[in-house]
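In the working numbering, the protein residues as written are 146 to 356.
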């Protein structure tokens, strides 16, 4: 079912996001970088609401989008590079994920970029579905993949544009490169992989429904 306006169920999701933002705003690691990240949160919420009222979005897609923003809010509080996911996993499940996977860096920023493709694909698909309704699902799938790739590239450019105007320390805190010269390339690749995964699932479901 496609929704074209906010209802009580949407408000519940938005309230959860608002609470997460309030909690994340309590003593973030670095306030300037945190505010820059949360400016992105505000922009993305506005875009979500615009899409809801202009083209309509189903509730699952709406919540996947909100879930991505919740992940982003957690990352913003810890400046992406310092999210203590490894400690959380050790406390809950009793094993060291970084050690098990032989990771030498904090991988939460990579996870966020993967989530970008995984969780926002349905909303992007809906955009193309409305813009070019005559196209086949496979064509839209390929277009959305390219859209995610282009969006990731533009984000990396924007991140670079902001970072070069900050001090070296603030720039590192903001973009979370962690000394990896290929950081941007890997982030874009993970976003693309995430979109391909969700897109493939939706494409299979579409083929089953049409048959």
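In this text, a Cβ means the ideal position worked out from N, Cα and C, and glycines have one as well. It should be emphasised that the depicted structure is a prediction, and the values quoted were computed from it without experimental measurement.
Handout entry: Endpoints, the alpha helix (DSSP H) within which residue 346 is located
Key = Translated into positions along the chain shown, residue 346 becomes position 201. Residues 328–355.
Handout entry: Residue from 158, 205, 199 whose Cα sits closest to the Cα of residue 215
Key = Counted from its first residue, the chain shown places residue 215 at position 70. The candidate whose alpha carbon is nearest that of residue 215 is 158.
Exercise for the section: Could you check what DSSP says for residue 277 in three-state terms: helix, strand or coil? Expected result: Along the chain shown, read from residue 1 onward, the residue named residue 277 stands at position 132. Coil, per DSSP.
Handout entry: Inter-residue spacing [alpha-carbon to alpha-carbon] between residue 285 and residue 272
Key = For the purposes of this step, residue 285 is identified with residue 140 of the chain shown, where counting begins at 1. For the purposes of this step, residue 272 is identified with residue 127 of the chain shown, where counting begins at 1. Spanning the two alpha carbons is a distance of roughly 10 angstroms.
Practice task
Pick helix, strand or coil for residue 200, following the three-state DSSP scheme.
Solution key: Against the chain shown, residue 200 aligns to sequence position 55. Residue state, collapsed to three classes: coil.
Problem - Local Cβ density within 10 Å of residue 278, reported as buried at 16 or more and exposed below that - result: Residue 278 sits at position 133 when you count from the first residue of the chain shown. By the 10 Å Cβ count, residue 278 comes out exposed.
Exercise for the section: For the alpha helix (DSSP H) containing residue 243, list its first residue and its last residue. Expected result: Translated into positions along the chain shown, residue 243 becomes position 98. Taken as a continuous stretch (DSSP letters only), the alpha helix (DSSP H) holding residue 243 covers 242–246.
Problem - Span separating the alpha-carbon of residue 259 from that of residue 334 - result: By 1-based counting over the chain shown, the position of residue 259 is 114. By 1-based counting over the chain shown, the position of residue 334 is 189. About 8 angstroms.
Handout entry: Top-ranked residue by Cα proximity to residue 381, from 160, 349, 147, 348
Key = Nothing can be reported for residue 381, as the shown portion of the chain is limited to 146 through 356.
Practice task
Give me the Cα-Cα distance between residue 163 and residue 170, rounded to the nearest whole angstrom.
Solution key: Residue 163 sits at position 18 when you count from the first residue of the chain shown. Residue 170 sits at position 25 when you count from the first residue of the chain shown. Going by the C-alpha atoms only, they are around 11 angstroms apart.
Practice task
Output the distance between the C-alpha atoms of residue 165 and residue 219, rounded to the nearest integer angstrom.
Solution key: What you label residue 165 is simply residue 20 of the chain shown in a count that begins at 1. What you label residue 219 is simply residue 74 of the chain shown in a count that begins at 1. C-alpha separation (whole angstroms): 8 angstroms.
Exercise for the section: Please say whether residue 225 and residue 275 have beta carbons closer to each other than 8 angstroms? Expected result: Counting from 1 along the chain shown, the entry for residue 275 is found at position 130. Counting from 1 along the chain shown, the entry for residue 225 is found at position 80. The answer is no: Cβ separation not under 8 angstroms.
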